[in-house]
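Top to bottom, those sequences are chains A and B. Take this note's numbering: the last position of the first sequence gets the number 114, and nothing is skipped along the way. Take this note's numbering: the last position of the second sequence gets the number 228, and nothing is skipped along the way. The structure appears below as structure tokens.
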Amino acid sequence: QQQVKQSPQSLIVQKGGIPIINCAYENTAFDYFPWYQQFPGKGPALLIAIRPDVSEKKEGRFTISFNKSAKQFSLHIMDSQPGDSATYFCAASKSRAAGNKLTFGGGTRVLVKP
Amino acid sequence: DSGVTQTPKHLITATGQRVTLRCSPRSGDLSVYWYQQSLDQGLQFLIQYYNGEERAKGNILERFSAQQFPDLHSELNLSSLELGDSALYFCASSGTSGRINEQFFGPGTRLTVL
Numbered sequence: 001q002q003q004v005k006q007s008p009q010s011l012i013v014q015k016g017g018i019p020i021i022n023c024a025y026e027n028t029a030f031d032y033f034p035w036y037q038q039f040p041g042k043g044p045a046l047l048i049a050i051r052p053d054v055s056e057k058k059e060g061r062f063t064i065s066f067n068k069s070a071k072q073f074s075l076h077i078m079d080s081q082p083g084d085s086a087t088y089f090c091a092a093s094k095s096r097a098a099g100n101k102l103t104f105g106g107g108t109r110v111l112v113k114p
Numbered sequence: 115d116s117g118v119t120q121t122p123k124h125l126i127t128a129t130g131q132r133v134t135l136r137c138s139p140r141s142g143d144l145s146v147y148w149y150q151q152s153l154d155q156g157l158q159f160l161i162q163y164y165n166g167e168e169r170a171k172g173n174i175l176e177r178f179s180a181q182q183f184p185d186l187h188s189e190l191n192l193s194s195l196e197l198g199d200s201a202l203y204f205c206a207s208s209g210t211s212g213r214i215n216e217q218f219f220g221p222g223t224r225l226t227v228l
């Protein structure tokens with residue numbers, strides 16, 4: 001059962017473009033939604049995270065938009081750079097559960113062309 | 115650098131063998147999580163320990179086991195290895211208060227079973 005669905009699987013944009021990655025979740029008990037960036041051969045690195053009581057959060061060039069009623073959230077990368085080329089994962093967890101494991105989406109491979 | 119360390123970086127072994135993967139969490143973090151990343155299954159949660167006690171279990175095979183020691187480092191033991199166990203294994207850690215949900219990942223151990 002895939003509880004977090006992520007799309008698209010891959011994305012190519014020109015430098016300066018705005019890649020948008022979308023995620024949808026099923027479990028309404030999820031209350032913490034982080035995004036991770038992973039470069040080849042490295043571990044996932046926490047980029048930015050949001051909780052359902054906020055509709056948007058910005059950190060640098062990364063913005064999360066959150067739609068609680070639709071159970072969807074998305075990542076926008078503003079003014080994308082070739083160095084942003086990586087795989088991005090959305091995730092969700094239940095922060096108040098005994099174990100706050102992360103449930104990950106399938107990942108989106110982003111390529112930013114110079 | 116997340117502050118989470120994992121050893122070894124690479125491991126090549128044969129079917130039927132047993133291996134141990136080691137993880138040291140960030141200084142002060144009491145929670146340790148293990149995740150498996152494979153091409154077909156993506157990032158999957160295996161198990162979580164908190165201050166030496168098992169906190170949550172995911173889709174971890176019976177052939178796999180883990181523990182967290184008094185110094186908070188953790189080990190993941192994989193036995194009777196099969197070809198399908200070839201994957202990247204990540205350890206993550208999180209803090210005790212405030213930002214308890216932020217999980218920081220180590221660089222991973224790439225396991226190849228031949």
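Think of the CB as a built atom: it goes at the ideal place given N, C-alpha and C, for glycine as much as any other residue. Keep in mind that this is a model prediction, so the values were computed, not measured.
Residue j beta carbon less than 8 Å from that of residue i
i      : j      : result
B/S188 : B/V146 : yes
A/F66  : A/I50  : yes
B/N219 : B/S116 : Note on identity: in this sequence residue 219 of chain B is Phe, with Asn being the wrong assignment. Result yes, Cβ atoms of B/F219 and B/S116 sit closer than 8 Å.
B/T121 : B/L197 : no
A/F30  : B/G156 : no
A/V112 : A/K42  : no
A/I12  : A/W35  : no
A/L102 : B/Q217 : yes
A/P82  : A/P114 : yes
Candidates the options, of which the one nearest residue i by Cα
i      : options                        : result
B/Y203 : B/S141, B/Q155, B/A180, B/L225 : B/L225
A/A86  : A/L47, A/A92, A/K94, A/Q72     : A/L47
A/I18  : A/E26, A/G99, A/S55, A/D84     : A/D84
B/N191 : B/N165, B/L135, B/L175, B/G142 : B/L135
A/K58  : A/G16, A/P114, A/L75, A/K42    : A/L75
B/G209 : B/Q120, B/T119, B/L144         : B/L144
B/R177 : B/D115, B/G142, B/Q131         : B/Q131
B/V253 : B/S207, B/A180, B/Q217         : This structure gives no information on residue 253 of chain B, because the portion of chain B shown stretches from 115 to 228.
B/L175 : B/L195, B/G142, B/P184, B/E168 : B/L195
Same chain, Cβ closer than 7 Å to residue i, neighbours up to 5 away in sequence not counted
i      : result
B/S152 : A201
B/G172 : Q158, F159, L160, I161
A/S7   : N22
A/K68  : P52
A/Y25  : Q3, V4, K71, A92
B/Q182 : V146, Y163, G166, S188
A/F62  : L47, I48, L75, I77
B/S193 : R132, R177
B/D199 : L192, L225, V227
A/N100 : S93, K94
Residues of its chain near residue i, where Cβ-Cβ distance is below 6 Å and the 5 sequence neighbours each way are ignored
i      : result
A/G107 : T87, F89
A/F39  : A86
A/F33  : I50, F73, A92
B/T170 : Inspection of the sequence shows that residue 170 of chain B is occupied by Ala rather than by Thr. Around B/A170: Q162.
A/R109 : S10, T87
DSSP three-state assignment for residue i, whether helix, strand or coil
i      : result
B/G172 : coil
A/P82  : helix
A/L11  : strand
B/L190 : strand
B/G222 : coil
B/G130 : coil
B/Q198 : At residue 198 of chain B the sequence reads Gly, which differs from the Gln that was named. Of the three classes helix, strand and coil, the one that applies to B/G198 here is helix, per DSSP.
B/L178 : First, the residue type needs correcting, since residue 178 of chain B is Phe and not Leu in the sequence shown. B/F178 falls in the strand class under three-state DSSP.
A/K101 : coil
B/R136 : strand
B/E216 : coil
B/Q155 : coil
A/F30  : coil
A/S55  : coil
A/A45  : strand
A/K94  : coil
B/S141 : coil
A/R61  : coil
A/A70  : coil
A/Q6   : strand
A/I18  : coil
B/S116 : coil
A/K113 : strand
B/F90  : Any answer about residue 90 of chain B is impossible in this case: the structure gives chain B only from 115 up to 228.
Amino acids of chain E, ordered along the chain, whose beta-carbon sits closer than 9 Å to that of residue i
i     : result
A/L46 : Looking at the structure shown, chain E is missing, and the protein chains on hand are A and B.
Contacts around residue i, its chain only, beta-carbon distance under 8 Å, and the 5 residues preceding and following it disregarded
i      : result
B/N215 : S208
Report yes or no: do the segment 215–224 of chain B and the segment 125–140 of chain B share at least 3 C-beta pairs separated by less than 8 Å? yes
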